[in-house]
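Enquirer:
Protein chains: 2
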Amino acid sequence: MKLSHTLIIVGCLSTATVSTYAAWEALPETAPVPANNPQTNDKEELGKVLFFDPRLSSSGTISCNSCHNVMAGGDDNRPNSIGVKNQHGGRGAPTVWNAAFHSVQFWDGRAASLEEQAKGPVTNPIEMGMKDWDAVVKLLKEIPGYAPLFKAAFTEKDPITADNAVKAIAAYERTLITPNTPYDRYVNGDHAALSEQQVKGMQTFEEVGCSSCHSGMNFSGPKMEMGSGFFMKFPTYPAKELESKYEFSKDLGRNEVTKQDADKNFWRIPTLRNIALTAPYFHNGKVTTLEEAVKVMGKLQLNKDLSEEQVQNLVAFLNALTGEFPPQTMPRLPATPGQTLMVEEQK
Amino acid sequence: MKLSHTLIIVGCLSTATVSTYAAWEALPETAPVPANNPQTNDKEELGKVLFFDPRLSSSGTISCNSCHNVMAGGDDNRPNSIGVKNQHGGRGAPTVWNAAFHSVQFWDGRAASLEEQAKGPVTNPIEMGMKDWDAVVKLLKEIPGYAPLFKAAFTEKDPITADNAVKAIAAYERTLITPNTPYDRYVNGDHAALSEQQVKGMQTFEEVGCSSCHSGMNFSGPKMEMGSGFFMKFPTYPAKELESKYEFSKDLGRNEVTKQDADKNFWRIPTLRNIALTAPYFHNGKVTTLEEAVKVMGKLQLNKDLSEEQVQNLVAFLNALTGEFPPQTMPRLPATPGQTLMVEEQK
Numbered sequence: 175m176k177l178s179h180t181l182i183i184v185g186c187l188s189t190a191t192v193s194t195y196a197a198w199e200a201l202p203e204t205a206p207v208p209a210n211n212p213q214t215n216d217k218e219e220l221g222k223v224l225f226f227d228p229r230l231s232s233s234g235t236i237s238c239n240s241c242h243n244v245m246a247g248g249d250d251n252r253p254n255s256i257g258v259k260n261q262h263g264g265r266g267a268p269t270v271w272n273a274a275f276h277s278v279q280f281w282d283g284r285a286a287s288l289e290e291q292a293k294g295p296v297t298n299p300i301e302m303g304m305k306d307w308d309a310v311v312k313l314l315k316e317i318p319g320y321a322p323l324f325k326a327a328f329t330e331k332d333p334i335t336a337d338n339a340v341k342a343i344a345a346y347e348r349t350l351i352t353p354n355t356p357y358d359r360y361v362n363g364d365h366a367a368l369s370e371q372q373v374k375g376m377q378t379f380e381e382v383g384c385s386s387c388h389s390g391m392n393f394s395g396p397k398m399e400m401g402s403g404f405f406m407k408f409p410t411y412p413a414k415e416l417e418s419k420y421e422f423s424k425d426l427g428r429n430e431v432t433k434q435d436a437d438k439n440f441w442r443i444p445t446l447r448n449i450a451l452t453a454p455y456f457h458n459g460k461v462t463t464l465e466e467a468v469k470v471m472g473k474l475q476l477n478k479d480l481s482e483e484q485v486q487n488l489v490a491f492l493n494a495l496t497g498e499f500p501p502q503t504m505p506r507l508p509a510t511p512g513q514t515l516m517v518e519e520q521k
Numbered sequence: 175m176k177l178s179h180t181l182i183i184v185g186c187l188s189t190a191t192v193s194t195y196a197a198w199e200a201l202p203e204t205a206p207v208p209a210n211n212p213q214t215n216d217k218e219e220l221g222k223v224l225f226f227d228p229r230l231s232s233s234g235t236i237s238c239n240s241c242h243n244v245m246a247g248g249d250d251n252r253p254n255s256i257g258v259k260n261q262h263g264g265r266g267a268p269t270v271w272n273a274a275f276h277s278v279q280f281w282d283g284r285a286a287s288l289e290e291q292a293k294g295p296v297t298n299p300i301e302m303g304m305k306d307w308d309a310v311v312k313l314l315k316e317i318p319g320y321a322p323l324f325k326a327a328f329t330e331k332d333p334i335t336a337d338n339a340v341k342a343i344a345a346y347e348r349t350l351i352t353p354n355t356p357y358d359r360y361v362n363g364d365h366a367a368l369s370e371q372q373v374k375g376m377q378t379f380e381e382v383g384c385s386s387c388h389s390g391m392n393f394s395g396p397k398m399e400m401g402s403g404f405f406m407k408f409p410t411y412p413a414k415e416l417e418s419k420y421e422f423s424k425d426l427g428r429n430e431v432t433k434q435d436a437d438k439n440f441w442r443i444p445t446l447r448n449i450a451l452t453a454p455y456f457h458n459g460k461v462t463t464l465e466e467a468v469k470v471m472g473k474l475q476l477n478k479d480l481s482e483e484q485v486q487n488l489v490a491f492l493n494a495l496t497g498e499f500p501p502q503t504m505p506r507l508p509a510t511p512g513q514t515l516m517v518e519e520q521k
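Note that the protein sequences, when read in sequence, are chains A and B.
Residue 286 in our numbering sits at position 112 of the first sequence, and the numbers go up by one each step.
Residue 394 in our numbering sits at position 220 of the second sequence, and the numbers go up by one each step.
#1: Do you know offhand how far L488 (chain B)'s Cα is from K478 (chain B)'s?
#2: Tell me whether S255 (chain B) is buried or exposed, calling it buried when 16 or more other Cβ atoms sit within 10 Å of its Cβ.
#3: Could you compute how far the alpha carbon of V310 (chain B) sits from the alpha carbon of I351 (chain A)?
#4: If you draw a straight line from the C-alpha of S386 (chain A) to the C-alpha of A285 (chain A), how long is it?
#5: Which same chain residues end up closer than 6 Å to D437 (chain A) when comparing Cβ atoms and leaving out the 5 residues on each side of it in sequence?
#6: Which chain A residues are close to Q502 (chain B), counting only those with a beta carbon under 9 Å from its beta carbon?
#7: Taking DSSP's pairing of strands, which residues face V207 (chain B) in a bridge?
#8: What are the boundary residues of the alpha helix (DSSP H) that includes R359 (chain A)?
#9: Is there a C-beta anywhere in chain B that falls below 9 Å from the one on G390 (chain A)?
#10: If you measure from the beta carbon of R229 (chain B) to each beta carbon in chain A, is any gap under 9 Å?
#11: Given a cut-off of 9 Å on the beta-carbon distance, is the pair T335 (chain B) and T445 (chain B) in contact?
#12: Name, going along the chain, the residues of the stretch 244-261 of chain A whose beta-carbon falls closer than 9 Å to a beta-carbon of chain B.
#13: Where do the ends of the beta strand (DSSP E) carrying K116 (chain B) lie?
#14: Using the beta-carbon of each residue, which ones in chain B are nearer than 7 Å to P454 (chain A)?
#15: According to DSSP, K312 (chain B) sits in a beta bridge with which residue or residues?
#16: Evaluate contact between the stretch 486-500 of chain B and the stretch 458-474 of chain B, counting only Cβ atoms and requiring at least three cross-stretch pairs below 8 Å.
#17: Using Cβ-Cβ distances below 7 Å, what residues of the stretch 465-494 of chain B are close to chain A?
#18: From the DSSP secondary-structure annotation, give me the bridge partner or partners of G427 (chain B).
#19: Is T432 (chain A) helix, strand or coil by DSSP?
#20: Using a Cβ-Cβ cut-off of 9 Å, state whether S385 (chain B) counts as contacting chain A.
#21: Roughly how many angstroms lie between the CA atoms of M516 (chain B) and R252 (chain B), to the nearest whole one?
#22: For Q279 (chain A), tell me which candidate among A:T510, A:W441, A:A450, A:G512 has the shortest Cα-Cα distance.
#23: Helix, strand or coil for M391 (chain B) per DSSP?
#24: Please determine, among B:L313, B:H276, B:T204, B:E370, the residue with the shortest C-alpha to C-alpha distance to H388 (chain B).
#25: In chain A, which residues lie less than 7 Å from S232 (chain B) when you measure between Cβ atoms?
#26: Starting from S287 (chain A), find everything on chain B with Cβ-Cβ shorter than 8 Å and list it in chain order.
#27: Assuming T503 (chain A) contacts Q502 (chain B) under a Cβ cut-off of 8 Å, what Cβ separation, rounded to an integer in Å, is found between them?
#28: Is there a Cβ of chain A sitting closer than 9 Å to that of A509 (chain B), yes or no?
#29: Just how far apart, CA to CA, sit S287 (chain B) and N239 (chain B)?
#30: Taking buried to mean at least 16 other C-beta atoms within 10 Å of its own C-beta, is S402 (chain A) buried or exposed?
#31: Is R229 (chain A) near L507 (chain A), with beta carbons less than 9 Å apart?
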C-alpha cells in the first residue's frame, strides 16, 4: 500500500484522541490525470457543456447532470435514477464529486477510467437512450457551436469524436473536487475543525474497522493504479432480517461483470466523502438514512451490533466529510439556430 | 398604445432602410417589477435555487429548468415537455428568457404575473406532479438549508410559504433578460450591427404586417398593464392543407380559460426574442424550422404567400433577435444531511 501523503496524528486539543492509525489523509487539490488526457481549460469547459447537455439523450431531456447533480451532492438522492421513457435503473447513481479519485468507476468497477465510464450512460437504453455513439457524434456535428469548442480542446483536424467527447467530460469531472472538509482541516492540523463527538467518531471509525476498507484520502480504499479496483463482499456477514428488508444480495455486483463465482456480491468500495449528501444508501438505495446505513454496515461488514453512541459518533464524523464545493459558472449550450434536433420519440 | 422608449429610424448606413415604423424599441436592462415583490439579491438567489431544485417534483427529477433551460434558449427544444412519469404536455414550453416583459403568462395568458405562473407547473399532475403547495411547503421546511435563504429574502417570522416561493422564483426570472441583440444595437444607433439582409428582413417584417402583432420592445405586442394580455386568433386565415399537416386548430387556446366562443383559437402573442433558439414552433411545436414557421405565419396570419426572398430575409432578421445571455453562477441546492426526501414514487 503506497501512500502519497501520510499524516500521523499523535494527539489533539480535544479530550478524545485519534492515536495510532497512520493513514489519515487530506484530499489533494487536484485529481490524478491520465497521460493521454491532460487537463486544459478549454477541455474542461467543453466537458462541462457536454455534461449539462440534455440533447445527448434520445428524449432531449436527460443530461449527465440529471442523475449526477453537481449543484447538489453529485447524485439525485433517489434509490435509483430515472432514464428516458421513465425507465428506472437497478442501482443508485454514485456521486460524481471526487469520482476522479476512484481507481475504477461504477458500483461494480466495470469502467477503468472516467473516460470509459462516460461512454456508458449515454447509450444505455434505460438511461440516456442514444442508439450508439455514432448517433451522438452525428448529433454533436449538427450543433454548429460544438465545432469551435472541440477545436479549442483538441488538435485533430476532425475533433468531434466519441473519444474526445468522453475525454472532455472526464476532464470536467476531474475538476469536481471538494477539499477542505472539517476532517481535512483537522488532519492538516486545525484541531478545532472537528467537534469532540466527531473526533470520537473518527476513533470509532478506526477501532471498529470501517477504515480497513474506507481508507485513504477518498475513503474508498488504498491508493491504487487507475483501472485496478478495490472490491469487498457486501454483505460479508449476511443477516436474514436485513436481507429480507433490504434485499442487498439480489444484485450480484462485480459478478455481473466478471461472471466469476468469487465475485458474487462484491462491490467497489465507494467514497465516503459527502456521504451525508448522497442518501439513500447502498447500491440499491434501499436505506434512506445515514444512521441506518451505519448500523447496517456494522452488522453486515463488521459483524457488530454498534451501540447507539457509536452510531451517533460515526454519523457525526461522516458529516465532517462534507467538503467545499467550488463555485461554478453555468455553461451555455450551443444552439441549432432556427431548428431543433429533438424531433423523435415524442411519446 | 403607450411606449416608454420609442426610437425613430430615419435611415441607416446600409443600402436598405427601415423608414416609417416608429416603434422599434430596444430591450431595457431591467424588467417591470410589481410593487408587492421588489427585487433583492437574496430573493433572486433563493429563486434561482428553487428554479433548479428537482425536489420540487414528485419524482425528484424535474425542476423548472428541466423544461425552461436557462443554459439554452429558455425552453427544451421539444414539441412538448416531459413531466413526471414520462407524461407529455399538449403545448411546448415557452421560453423563460424575457418572460418578465410579457404582460400575461402561459400560451393562453391564464396567469397574470410570473408569480401566478410559477404556481402552476409544480402542482400540475403531468408536469412536476406535487400534490399541492402545502406538500411543497412541507418539503421546503424539511430541507434545513432553505430556512436561512427564505429568512434572508423575506421579513415574515415564518417565511417559508407558497407565496414567497413563487415570489422568489419570479424575482429570479426577472433577471433573465437578454439585451444587446444585433437588433437592439441597431436601433440604438449601431447601423453596422445588422447585415443588409437583416435590414431587409426588418423592412419586410414591417411591410407585410408581422409588426402589427409582434410589436414593442419584446416583439410580443404593445406595452400593457401587467395582467392584461394581448391576444390574436391563430390561424386567422385557416388553410386546409396546413391544418391537416399541423393541426393548429385542435387546441382552443384562450377559450379553454375563458370558455367564451370569441376566444376560440386565440393565443397570447409570444415574444420573438431568441426565437432562433426555441424551435420547434407554435403552441403545439409541430413546426420544426424557423423558415417553415415564417411561411406558416405569412399564410395563416397575413393571408400571404411570402416569396422565398422575403422568407429568407425575415429569418435573417429574426436571427438578429438572439441576445446576450448574462453569465450565471450555478446555485447550490441545500442538503438534507443524512437522509433523502425522495422516497416515494419509485416506479
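Glycine included, C-beta positions come from ideal geometry on N, C-alpha and C.
Predicted, not measured: the structure shown is a model, and the values here were computed from it.
Expert: To lay it out plainly:
#1: 14 Å
#2: buried
#3: Spanning the two alpha carbons is a distance of roughly 32 Å.
#4: 24 Å
#5: R428, N429
#6: T503, M504
#7: According to DSSP, which records beta bridges pairwise, V207 (chain B) is partnered with nothing at all.
#8: 356-361
#9: no
#10: yes
#11: no
#12: V244, M245, A246, G247, D250, N251, R252, P253, N254, S255, I256, V258, K259, N260, Q261
#13: The question about residue 116 (chain B) has no answer here: the residues shown for chain B are numbered 175 through 521.
#14: T514
#15: Bridge partners of K312 (chain B): none, in fact.
#16: yes
#17: E465, V489, N493
#18: B:F440
#19: Residue state, collapsed to three classes: helix.
#20: Chain A, which has no Cβ nearer than 9 Å to the Cβ of S385 (chain B), makes this no.
#21: Using only the alpha carbons, I get a separation of about 27 Å.
#22: A:W441
#23: coil
#24: Nearest in C-alpha terms to H388 (chain B), of all of B:L313, B:H276, B:T204, B:E370, is B:H276.
#25: Neighbours of S232 (chain B) on chain A: none; closest Cβ ~11 Å, over 7 Å.
#26: Within chain B, no residue comes near S287 (chain A); the closest Cβ sits about 26 Å away, beyond 8 Å.
#27: 7 Å
#28: yes
#29: 18 Å
#30: By the neighbour-count rule (16 or more Cβ atoms within 10 Å), S402 (chain A) is not buried but exposed.
#31: Going by beta carbons, R229 (chain A) and L507 (chain A) fall inside the 9 Å limit.
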